[in-house]
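Numbering (my numbering), first residue to last: 1451 to 1597. Quick reminder that beta carbons are idealized off the backbone N, C-alpha and C, glycines included.
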Ligand code: DQA
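Printed below as a string of structure tokens:
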């Protein structure tokens, strides 16, 4: 089973960016932790980060044929991007939406997600631990679906 992690804008700044909100771990730390957990779960993970909406759409389209599902932290595009929502719907692969922070405890504009309705589920508020919970969730969902 192969999962693609999609990291949206500004997540390349993890560790430096608003550490009181997003913590001190870097995106490399997150990806390394995902790779370790994936091995434990007998899955494989790949990842891609971009600050550009169209590049994220391209990645979703290009990765879809080789992956079973997606783990998506679209950053601010979560709250704005119909294009990314349509890309995820278009490739018809299940995905879990993740956020480091609890977006519902923050500004109102973060309460709306264009991606959530199409997701298997949403994990938010557990710091970078949200990624591990999200990976477990998508792997479990795909395992149950194929059983
Ligand atoms: C985020 C929450 C978004 O509102 C924000 O724009 C981000 C990060 C999170 O992981 O908590 O860039 O997706």
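- Counting only heavy atoms of ligand 1, the residues whose C-beta sits closer than 6 Å to one of them are, along the chain, 1460, 1523, 1525, 1526, 1528, 1549, 1550, 1551, 1553 and 1560.
- The beta carbon of residue 1566 sits closer than 7 Å to the beta carbons of 1547 and 1572 from its chain, once the five residues preceding and following it are set aside; these are given in chain order.
- DSSP, read as helix, strand or coil, puts residue 1491 in coil.
- C-alpha of residue 1593 to C-alpha of residue 1581: approximately 18 Å in a straight line.
- If one requires a minimum length of 3 residues, the beta strand (DSSP E) runs lying completely within the region 1528-1593 are 1545-1549 and 1571-1574, in chain order.
- For residue 1591, same chain residues with a beta-carbon under 7 Å away, outside a window of 5 residues either side, are 1544 and 1570 in chain order.
- Here the C-alpha atom of residue 1467 lies approximately 32 Å from the C-alpha atom of residue 1492.
- Under the criterion of beta carbons closer than 8 Å, residue 1551 and residue 1472 qualify as touching, at roughly 7 Å.
- Of the candidates 1463, 1586 and 1534, the residue whose Cα lies closest to the Cα of residue 1505 is 1534.
- One thing to note: residue 1517 has its Cβ within 9 Å of the Cβ of residue 1454.
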